[in-house]
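S.K.: What follows is a single structure, and I will ask about it in a moment.
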Amino acid sequence: MSTFRVVPLLLLVLILSACGGSNNAAPEPTPQPVAVERGTIVTTVSSSGHLQPLRSARLSMAGGDVAELLVAVGDEVTADQPLLTLNSGSLERNVALAEEALRLQESTLAALEAGASNLERSAAQAAVDSAQINLDNLEFNLTEEQADNNSQVLAARAQLAQAKVALQNLTPSESQLNGARSQVEQARLQLENAQAALAAATLRAPFNGRIMATFVEVGEQAAGPMIEIADDSQFELVLNVDEVDMAAVAVGQPATVRVDAFANKPLAAEVVRISPAANSSPTSPLVSYDVVLRLSESELALRSGMSATADITTAEKSNTLLLPNRAIQINRDAGNATVLRWAEGTTQEVTVETGLRNSTQTEILSGIEEGVEVMPSDYTPAEETEPSGFFRGPPGRD
Numbered sequence: 000m001s002t003f004r005v006v007p008l009l010l011l012v013l014i015l016s017a018c019g020g021s022n023n024a025a026p027e028p029t030p031q032p033v034a035v036e037r038g039t040i041v042t043t044v045s046s047s048g049h050l051q052p053l054r055s056a057r058l059s060m061a062g063g064d065v066a067e068l069l070v071a072v073g074d075e076v077t078a079d080q081p082l083l084t085l086n087s088g089s090l091e092r093n094v095a096l097a098e099e100a101l102r103l104q105e106s107t108l109a110a111l112e113a114g115a116s117n118l119e120r121s122a123a124q125a126a127v128d129s130a131q132i133n134l135d136n137l138e139f140n141l142t143e144e145q146a147d148n149n150s151q152v153l154a155a156r157a158q159l160a161q162a163k164v165a166l167q168n169l170t171p172s173e174s175q176l177n178g179a180r181s182q183v184e185q186a187r188l189q190l191e192n193a194q195a196a197l198a199a200a201t202l203r204a205p206f207n208g209r210i211m212a213t214f215v216e217v218g219e220q221a222a223g224p225m226i227e228i229a230d231d232s233q234f235e236l237v238l239n240v241d242e243v244d245m246a247a248v249a250v251g252q253p254a255t256v257r258v259d260a261f262a263n264k265p266l267a268a269e270v271v272r273i274s275p276a277a278n279s280s281p282t283s284p285l286v287s288y289d290v291v292l293r294l295s296e297s298e299l300a301l302r303s304g305m306s307a308t309a310d311i312t313t314a315e316k317s318n319t320l321l322l323p324n325r326a327i328q329i330n331r332d333a334g335n336a337t338v339l340r341w342a343e344g345t346t347q348e349v350t351v352e353t354g355l356r357n358s359t360q361t362e363i364l365s366g367i368e369e370g371v372e373v374m375p376s377d378y379t380p381a382e383e384t385e386p387s388g389f390f391r392g393p394p395g396r397d
């Protein structure tokens, strides 16, 4: 008798063990409510790109063979420093000739402006006076008709005229002075042109920077780019930003940049330029725009072409109501947002107005107040779930 009783009891134990086996698994954590709190929310647009110097230029010149290459790749140079010279023998001779011509014209003008000495002027005046006296003596007691026919009188008149011209020539006329001044200006202009041509035979640095490349050797003909220089004291980061993010990006916005080579040393930056033209390709549907950030000065050994990522701060708001994104249900069809307000163990769906939103938080503009608790948007009350297991009642029965 006892043997037959053991079997049903053992079967019952096995069934109960199977039904309760699921209770041995770790229970899922019970969702906890979160409170509406005040805080600061920041929205950003992230992208990556490469560093480029603040300024760079490829320098060129033409007009002769390279005589000297005065710099090498990597050299630091200052503005107006000579970098390269061309053969300039004929240009130097032209300068020397122009300098001599200018000295000659300036000497001529100086002599005219100084005029005759007092001794020369006195002698010329004495010659005029003597010729006048001689003429007066010859014309004395002669009628006008007799004087006009007297050869001695005619000769004396000619001598007086010559003496007056000599005296007058000792004082230059204004036209003579103006002509001499014009000759000086022309000579000075020719000298400036010759000096400019000589200066153009020397290639100089347009700004402080570093020599990035040279494209010519001594003896080669000057043509095309010859030296590349870059101002590496400050860098810019060129980002490729997706068109969907462009509405939020504006010049003047701050940004945080992390250069791959110095990932643990973030740098401050600012949006300084936005390309008006889109980057697009016939083979790709993606459209983007170049956004240029200027990095703050840094002691890091930054180099042109380094890879970097940036977070542009597009909006920031402090002392505003915030909830985690997981607590908000976005209803795109209805065009609204709702939360599950938690009070006394029950939930109530409440429509809220939202503002800024980032990857973790959403700003609440209206609908609920600070301190109110809400449940995650996927929360389902326990009493609404169906029991499970072997002892679940049949359909239609409690």
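Residue numbering for the sequence shown follows numbering that gives the first Met the number 0, beginning at 0 and increasing consecutively. Glycine included, each C-beta is placed from N, C-alpha and C at the ideal position.
1. Please report how far the alpha carbon of Ala157 lies from the alpha carbon of Ala122, in whole angstroms.
2. Between which two residues does the alpha helix (DSSP H) harbouring Ala309 extend?
3. Pairing CB atoms from the region 39-53 with CB atoms from the region 294-308, are three or more of them under 8 angstroms?
4. Hey, how far is the Cα of Gly20 from the Cα of Val33?
5. Assign Glu343 to one of three DSSP states: helix, strand, or coil.
6. Can you give the beta carbon distance from Asn149 to Leu141, rounded, assuming they're within the 8 angstroms contact cut?
7. Can you confirm whether the region 242-251 touches the region 221-229 when touching is taken to mean that 3 or more C-beta pairs between the two stretches lie within less than 8 angstroms?
8. Name the two residues that bound the continuous beta strand (DSSP E) containing Thr201.
9. Starting from the Cα of Gln151, find the closest Cα among Glu143, Glu138 and Lys163 and give me that residue.
10. Could you tell me the distance, in whole angstroms, from the CA atom of Asp377 to the CA atom of Asn330?
11. Here's a check: name, in chain order, each residue in its chain whose Cβ is nearer than 6 angstroms to the Cβ of Val215, leaving out the five neighbours to either side.
12. Could I get the ranges of all uninterrupted beta strand (DSSP E) runs contained in the region 63-131, with 3 residues as the minimum, in chain order?
13. For the beta strand (DSSP E) that Arg302 lies in, which residues bound it at each end?
14. Taking C-beta to C-beta, are Val44 and Val371 nearer than 7 angstroms?
15. So what does DSSP say about Gly370, is it helix, strand or coil?
16. Looking only at C-alpha atoms, which of Glu98, Leu321, Pro30 and Ile367 sits nearest to Gly38?
17. Is the region 253-272 touching the region 63-77 in the sense that three or more CB pairs, one from each, lie closer than 8 angstroms?
18. Taking Ser174 as part of the alpha helix (DSSP H), name the residues at either end of that continuous run.
19. Are the region 327-346 and the region 53-62 touching by the rule of at least three beta carbon pairs closer than 8 angstroms?
20. For the beta strand (DSSP E) that contains Ser279, what are its first and last residues?
21. Taking the alpha-carbon of Ser174 as reference, which of Leu111, Thr29 and Pro265 has the nearest alpha-carbon?
22. What three-state label does DSSP hand Leu11 in the structure shown?
23. What are the partner residues of Pro253, as DSSP defines its beta bridges?
24. Can you check DSSP and say which residues form a bridge with Leu294?
25. To the nearest angstrom, how far is the alpha carbon of Ala195 from that of Gln182?
26. Tell me, please, which residues DSSP counts as bridged to Glu143.
27. Can you list, in chain order, the residues of its chain with a C-beta nearer than 7 angstroms to that of Ala222? Leave out the 5 residues immediately preceding and following it.
M.R.: Put simply:
1. Start at 1 with the first residue of the sequence shown, and residue 157 comes out as number 158. Start at 1 with the first residue of the sequence shown, and residue 122 comes out as number 123. Their backbone Cα atoms lie some 18 angstroms apart in a straight line.
2. Along the sequence shown, one-based indexing puts residue 309 at 310. No alpha helix (DSSP H) holds Ala309; the beta strand (DSSP E) holding it covers Ser306 to Pro323.
3. yes
4. What you label residue 20 is simply residue 21 of the sequence shown in a count that begins at 1. What you label residue 33 is simply residue 34 of the sequence shown in a count that begins at 1. At Gly20, the pLDDT of 49 sits below 50, so the modelled position is not reliable; the number obtained from the coordinates is stated separately. Computed Cα separation, rounded: 33 angstroms.
5. For this step, residue 343 is matched to residue 344 along the sequence shown. If DSSP states are grouped into helix, strand and coil, Glu343 belongs with coil.
6. By one-based count along the sequence shown, residue 149 stands at place 150. By one-based count along the sequence shown, residue 141 stands at place 142. Yes, Asn149 and Leu141 are in contact; Cβ-Cβ is about 6 angstroms, under 8 angstroms.
7. no
8. To locate residue 201, count along the sequence shown from 1; it is residue 202. Here the beta strand (DSSP E) through Thr201 covers Thr201 to Arg203.
9. The residue given as residue 151 occupies position 152 in the sequence shown. Closest by alpha carbon: Glu138.
10. Here residue 377 is taken as the residue at index 378 of the sequence shown, counted from 1. Here residue 330 is taken as the residue at index 331 of the sequence shown, counted from 1. Approximately 13 angstroms between the Cα atoms of the pair.
11. Counting from 1 along the sequence shown, the entry for residue 215 is found at position 216. So the list reads Val65 and Met225, once near-sequence residues are dropped.
12. 65-68 and 81-85
13. Within the sequence shown, residue 302 is the residue found at index 303, counting from 1. Arg302 -> no beta strand (DSSP E), and no H or E assigned at all.
14. As a working note, residue 44 is residue 45 in the sequence shown. As a working note, residue 371 is residue 372 in the sequence shown. Cβ atoms of Val44 and Val371: not closer than 7 angstroms.
15. Taking the first residue of the sequence shown as 1, we reach residue 370 at position 371. In this structure, Gly370 counts as coil in the three-state DSSP scheme.
16. For the purposes of this step, residue 38 is taken as the residue at position 39 of the sequence shown. Minimum Cα distance to Gly38 is reached at Leu321.
17. no
18. Along the sequence shown, one-based indexing puts residue 174 at 175. Counting along the chain, the alpha helix (DSSP H) containing Ser174 begins and ends at Glu173 to Ala198.
19. no
20. For this step, residue 279 is matched to residue 280 along the sequence shown. Counting along the chain, the beta strand (DSSP E) containing Ser279 begins and ends at Leu266 to Ser280.
21. Counting from 1 along the sequence shown, the entry for residue 174 is found at position 175. Checked all of Leu111, Thr29 and Pro265; the closest Cα to Ser174 is Leu111.
22. Position 12 of the sequence shown, counting from 1, holds the residue named residue 11. Reliability fails at Leu11, whose pLDDT of 47 lies under 50, so the model's placement of it is uncertain and the value that follows must be treated cautiously. Leu11: helix per DSSP, three-state reduction.
23. Within the sequence shown, residue 253 is the residue found at index 254, counting from 1. Beta-bridge pairing links Pro253 to Glu269.
24. Working through the sequence shown from its first residue, we reach residue 294 at position 295. Paired residues: Ala268.
25. By 1-based counting over the sequence shown, the position of residue 195 is 196. By 1-based counting over the sequence shown, the position of residue 182 is 183. In a straight line, the C-alpha of Ala195 is about 20 angstroms away from that of Gln182.
26. Indexing the sequence shown from 1 puts residue 143 at position 144. Its beta-bridge partners do not exist; DSSP assigns none.
27. Taking the first residue of the sequence shown as position 1, residue 222 is located at position 223. Excluding positions up to five away in sequence, the list reads Ala61.
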